Amino acid sequence: MGEVNRRRFLERMTALTATAVATPATLGAIANAGSRFPGETRAGSRAAAGRPDELKLPPAGRPQPAELTELTLAEAARLLRDGDVGAVELVEAYLARIGRWDARYQAFNTVVSRDALEAARTADRTRGRAPLTGVPLAIKDNYFTAGVRTTANSFIFEDFVPDFDATSWARLRDAGAILLGKTQMGPLATTAASTPTGERTTANAWAPHHDDVSPGGSSSGSATAVAARMAASSTGTQTGGSITNPSNAQGLTGIKPTMGRVSLHGILPLTYTRDHPGPLARDAVDAALMLQIMAGPDPADPRSLGLPPVPDYLGAVREDAGALTHPERGGAVRIGVLPGFLDEPEPPEDPAPDPDPDIDRIGSSFPRRERTQAAYRREVATVEARRRMLATLEEMGAEIVALDFPTHWEALTSFNFNNVRLPERSEIFLEHLRDDVRKFGVSLAPWINGLLLPAAEYVRGSRARLVLLREVLDEVFARCDLVTQTAPFPFDMVGLPLIGFPIGFETGSTGYPRPIGGMFGAEPYAEHHLLAVIAAYQRATDWHLRRPADPGELRPAEGNGGGPRGGAGGSAGRDRSPGRYDLFDVMERGE
285 MGEVNRRRFL ERMTALTATA VATPATLGAI ANAGSRFPGE TRAGSRAAAG
335 RPDELKLPPA GRPQPAELTE LTLAEAARLL RDGDVGAVEL VEAYLARIGR
385 WDARYQAFNT VVSRDALEAA RTADRTRGRA PLTGVPLAIK DNYFTAGVRT
435 TANSFIFEDF VPDFDATSWA RLRDAGAILL GKTQMGPLAT TAASTPTGER
485 TTANAWAPHH DDVSPGGSSS GSATAVAARM AASSTGTQTG GSITNPSNAQ
535 GLTGIKPTMG RVSLHGILPL TYTRDHPGPL ARDAVDAALM LQIMAGPDPA
585 DPRSLGLPPV PDYLGAVRED AGALTHPERG GAVRIGVLPG FLDEPEPPED
635 PAPDPDPDID RIGSSFPRRE RTQAAYRREV ATVEARRRML ATLEEMGAEI
685 VALDFPTHWE ALTSFNFNNV RLPERSEIFL EHLRDDVRKF GVSLAPWING
735 LLLPAAEYVR GSRARLVLLR EVLDEVFARC DLVTQTAPFP FDMVGLPLIG
785 FPIGFETGST GYPRPIGGMF GAEPYAEHHL LAVIAAYQRA TDWHLRRPAD
835 PGELRPAEGN GGGPRGGAGG SAGRDRSPGR YDLFDVMERG E
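In terms of this note's numbering, the sequence shown opens at residue 285 and continues consecutively.
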């Protein structure tokens, strides 16, 4: 089955690449953003999903926590179904945390308190049996939500109120979920969360007073909302790491499914051949529950049609599911380790004592030498966490396989080839680029770059992506079932599934706990393998159970990781434009 799926997926990606020019007709042109996109329909209903109204929820795995907001998604769903917790009670608990702390976290740009409470009262009154009845969720602000503003943190969509729901949100809603609000994101899904003019918004839940600790992007608000216990789970989109990176940064489990497994219909597009909707959750069980509902064919998104049937994700994460035995091949699950995954970082050289005049002019909230040293300490801790993670999985019965890179890996995953996606985003937004480029704010540059990239380069890059996909399928997954990744971009380029999950913590970079994340990729349509292995790993570890302290329990200047949000850095730092992304964020973090 794996070999058949690999060949079928390669054929699909070849066809998808050849037909990417059809995106405006397929997903709806966005020239008229103030109303329904031309050609779009209400295809996001439960009928499109074709799923049963009730799923078998996982059994309880621990005693009920004292605070309702500490319940996982699956725990809350079970208690609501059994009548042990009321939907109003649960929604009020989340709204109380949002009201108390979101001024600091800035995870949400819209909170629909009245509508959420009304939906909760209806859930309590009707006692519905849908699997998520009464469970509060946060939805990324590029998902259409009928009657609720959908802005993508952009000037272009600042007044856009859709009149239908994105397919994946419609499925969650029809499963009983309650919308708490829309989450902050990078403008048009291009950076970590900021305003269209580049002012930082969302804080990392583990470092709410520190600008220099990234929340991950672009699904920043979705990650912070879940990590800070202001939502049970959330949704994100990934074109270049925007589910797995925030999950790694904030101790969550986020899964980017195979291209087309979750419908893109009703989600503001960025790059048709790379956009992947998916969940950000507290653990693999919650991620499985979210994905079970979100996934499936949708006539409004041709990418989702003709795929293998959606697997039983919830069955894969059961404790008795034999997670570290391959479900089709038999024998131990093989985890491939690519070169460099366990390499110790080189100690950084001290910078020259006199600051570079350009650096001094630009400014930074965290002196460059301290940034470099902090990054080095974090890299050392990350390598050690990776070793422990692999050792744990091997002790549990997995087979660890040392791999070589595919033949042309270095060239085909380079910056230049990664950027061939840019003309796709420029074409989708061409009318807005002609109308007023100022509407793109801080994220304008990639749209201009997309306009300037020659057609020959786009065609070359598209062909190169297919070569990369073929080499990954033939040279990597011929020898393993899952493979380690240190960055999401290669698997984002070729549409293969990825999961980000917590594997440890470190304090050396900042003086306070920060999560360390791991990332595994799999072959096409193998999200159930990823979820099964990570669920087993989480039954053997407790990294996913740890939660960040509330902002009131942390001193703004605690640790040596920079100054408070909106202020200057440490005593050696220089004043900066408060809360703005600067050149260092681009150079050193890619944000």
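We treat Cβ as the ideally placed atom computed from N, Cα and C, and that holds for glycine. Small disclaimer: the values here were computed from a predicted structure and weren't measured.
{"Asked": "Take residue 393 as the anchor and find which of 430, 292, 373, 509 has the nearest alpha-carbon.", "Found": "509"}
{"Asked": "Just how far apart, CA to CA, sit residue 460 and residue 564?", "Found": "18 Å"}
{"Asked": "If contacts are defined as beta-carbon pairs under 8 Å, then residue 491 and residue 798 qualify, I think. What distance do you get, rounded to the angstrom?", "Found": "7 Å"}
{"Asked": "Which residues in the same chain as residue 745 place their Cβ atom closer than 7 Å to its Cβ, once the five residues preceding and following it in sequence are excluded?", "Found": "701, 704"}
{"Asked": "Comparing C-alpha positions only, which one of 706, 537, 772, 545 sits nearest to residue 738?", "Found": "706"}
{"Asked": "State the start and end residues of the unbroken alpha helix (DSSP H) segment that holds residue 746.", "Found": "739-755"}
{"Asked": "Using three-state DSSP, classify residue 574 as helix, strand or coil.", "Found": "helix"}
{"Asked": "With DSSP as the reference, label residue 643 as helix, strand or coil.", "Found": "A caution first: residue 643 carries a pLDDT of 46, below 50, which makes its placement in the model unreliable, though a value can still be read off. Helix."}
{"Asked": "I believe residue 581 touches residue 589 by the beta-carbon criterion, under 8 Å. Please report the beta-carbon distance rounded to the nearest angstrom.", "Found": "5 Å"}
{"Asked": "Identify which residue in 456, 396, 448, 427 has its Cα closest to the Cα of residue 414.", "Found": "456"}
{"Asked": "Rounded to the nearest angstrom, what separates residue 785 and residue 834 at their Cα positions?", "Found": "22 Å"}
{"Asked": "What whole-angstrom Cβ distance do residue 473 and residue 436 have, given they're in contact under 8 Å?", "Found": "7 Å"}
{"Asked": "Take residue 515 and list the residues in its own chain whose beta-carbon comes closer than 7 Å to its own, dropping the five residues that flank it on each side.", "Found": "378, 420, 421, 422, 464, 509"}
{"Asked": "Would you call the segment 813-829 in contact with the segment 543-557, where contact means no fewer than 3 C-beta pairs closer than 8 Å?", "Found": "no"}
{"Asked": "Below 8 Å on the Cβ atoms is my contact criterion, and I expect residue 806 with residue 838 to pass it. Report the Cβ-Cβ distance as a whole number of Å.", "Found": "Rounded, the Cβ-Cβ distance is 37 Å, inconsistent with contact."}
{"Asked": "Where do the N-terminal and C-terminal ends of the alpha helix (DSSP H) with residue 603 fall, by residue?", "Found": "Unbroken run through residue 603: none, as it is neither H nor E."}
{"Asked": "Tell me, to the nearest whole angstrom, how far the beta carbon of residue 575 is from that of residue 767; I am working on the premise that it is less than 8 Å.", "Found": "So it is not a contact: roughly 20 Å between Cβ atoms."}
{"Asked": "Within 10 Å of its beta-carbon, does residue 811 have 16 or more other beta-carbons around it, so buried, or fewer, so exposed?", "Found": "buried"}
{"Asked": "Evaluate residue 624 with the Cβ neighbour count: other Cβ atoms within 10 Å of its Cβ, from every protein chain shown; 16 or more gives buried, anything less gives exposed.", "Found": "exposed"}
{"Asked": "DSSP state of residue 331, grouped into three classes?", "Found": "Residue confidence is low: residue 331 scores 37 on pLDDT, short of 50, so the model does not pin down where it sits. No coordinate-derived value is stated."}
{"Asked": "Report yes or no: do the segment 392-412 and the segment 494-502 share at least 3 C-beta pairs separated by less than 8 Å?", "Found": "no"}
{"Asked": "What's the gap between the Cα of residue 757 and the Cα of residue 763?", "Found": "10 Å"}
{"Asked": "When DSSP labels each residue in this structure, what does residue 452 get in the three-state scheme?", "Found": "helix"}
{"Asked": "Sort 713, 864, 532, 587 by Cα distance to residue 552 and report the nearest one.", "Found": "713"}
{"Asked": "What residues in its chain sit with their C-beta under 8 Å from that of residue 741, if we drop five residues either side in the sequence?", "Found": "704"}
{"Asked": "What's the call for residue 699, buried or exposed, on a 16-neighbour Cβ count within 10 Å?", "Found": "exposed"}
{"Asked": "For residue 667, which of 630, 654, 678 has the nearest alpha-carbon?", "Found": "630"}
{"Asked": "Residue 250 and residue 808 look like a contact to me (Cβ under 8 Å); what is the Cβ gap, rounded to whole Å?", "Found": "Outside the displayed span of the chain (285 to 875) sits residue 250, for which this structure offers no information."}
{"Asked": "Would residue 569 pass as a contact of residue 298 if the rule is Cβ separation under 9 Å?", "Found": "no"}
{"Asked": "Which ranges does the alpha helix (DSSP H) cover as unbroken runs of at least 4 residues, wholly within the segment 528-554, from first to last along the chain?", "Found": "528-533"}
{"Asked": "Compute the Euclidean distance between the alpha carbons of residue 321 and residue 614, then round it to the nearest angstrom.", "Found": "Bear in mind that the predicted position of residue 321 carries a pLDDT of just 34, short of 50, making it unreliable; the figure below should be weighed with that in mind. Those two C-alpha atoms are separated by around 47 Å."}
{"Asked": "Who are residue 432's beta bridge partners in DSSP?", "Found": "429"}
{"Asked": "Tell me, to the nearest whole angstrom, how far the beta carbon of residue 418 is from that of residue 371; I am working on the premise that it is less than 8 Å.", "Found": "3 Å"}
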